[in-house]
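Quick notes on the structure that follows.
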Amino acid sequence: MKRLGILTIVMLVALTGVAFADVQFNFTYNDPMYSLQGVLTASPNGGGVFTATGVTGTLTYLSNTYPLLLVPVGTVAVAAGGADLFGQDNLLYPNDPGQLLTSDAILFMVPTPTPVVGYNGGTAVALWGNGGSNYSSWTFSGLGGYGAGTNNGSFTLTAVPEPGAVSLLIAMALGVGVSLGVFRKIAA
Numbered sequence: 742m743k744r745l746g747i748l749t750i751v752m753l754v755a756l757t758g759v760a761f762a763d764v765q766f767n768f769t770y771n772d773p774m775y776s777l778q779g780v781l782t783a784s785p786n787g788g789g790v791f792t793a794t795g796v797t798g799t800l801t802y803l804s805n806t807y808p809l810l811l812v813p814v815g816t817v818a819v820a821a822g823g824a825d826l827f828g829q830d831n832l833l834y835p836n837d838p839g840q841l842l843t844s845d846a847i848l849f850m851v852p853t854p855t856p857v858v859g860y861n862g863g864t865a866v867a868l869w870g871n872g873g874s875n876y877s878s879w880t881f882s883g884l885g886g887y888g889a890g891t892n893n894g895s896f897t898l899t900a901v902p903e904p905g906a907v908s909l910l911i912a913m914a915l916g917v918g919v920s921l922g923v924f925r926k927i928a929a
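Numbered according to this note's numbering, the sequence shown spans residues 742 to 929.
Rendered as structure tokens:
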């Protein structure tokens, strides 16, 4: 019985460490020019705010699909003319359905024939929130032409269930089940 209690505590401590790991979010963005979708990996900042640190996803433009790369915070993509494109913050607010992104944007790069210098080449694509569930996009070079942008886009962001949380629930259920079995044997 004592071993079971110790084992349960060790498992709970080991599995709760997952709560502080990066979180993944499914996302979509659609406007008249572009469609983006995929999974964002983000680090928690506290207070329900996250910083996107990676992406697995695609952008669709004129029936062509391109892979997405996330431009890290602090990295500034530079247009062919030398102008800084954005000072993005890559912040996500999944608990605020009216403003999932800030006005300071999340910035992606899309490998295309017309490159932007400074971060892996390609076309820079910025997404940002305008408030009130209204989102915009802007591209630099390549797709849609230099400075092509749209307003009134839609953006969704939903958390991907954590495997650690599922494991924790299973471990707790097993612990309760085993404990009940032990108590029944003792009572008998």
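Heads up, the beta-carbon is just placed ideally off N, CA and C, and yes, glycines get one too.
C-alpha of residue 793 to C-alpha of residue 814: approximately 9 Å in a straight line. One thing to note: residue 807 has its Cβ no nearer than 8 Å to the Cβ of residue 876. Check the Cα spacing between residue 805 and each of 777, 765, 847: the tightest is with 777. Taking all protein chains in view, the Cβ of residue 816 is surrounded by fewer than 16 other Cβ atoms within 10 Å, so the residue is classified as exposed. A buried status is given to residue 864, since no fewer than 16 other beta-carbon atoms sit within 10 Å of its beta-carbon.
Short of 6 Å from the beta carbon of residue 892, and not among the five residues preceding or following it, lie these beta carbons of its own chain, in chain order: 877.
For residue 837, the CB contacts under 8 Å within the same chain, skipping 5 residues up- and downstream, are 789 in chain order. In the displayed model, residue 915 falls within a helix according to three-state DSSP. The C-beta distance from residue 841 to residue 870 rounds to 6 Å, short enough to meet the 8 Å contact threshold.
Looking from the CA of residue 812, the closest CA among 831, 803, 801, 791 belongs to 831.
In summary, residue 867 is buried, with 16 or more beta-carbon neighbours lying within 10 Å of its beta-carbon over all protein chains present. Contact between residue 766 and residue 835 holds, since their C-beta atoms are separated by about 6 Å, short of 8 Å.
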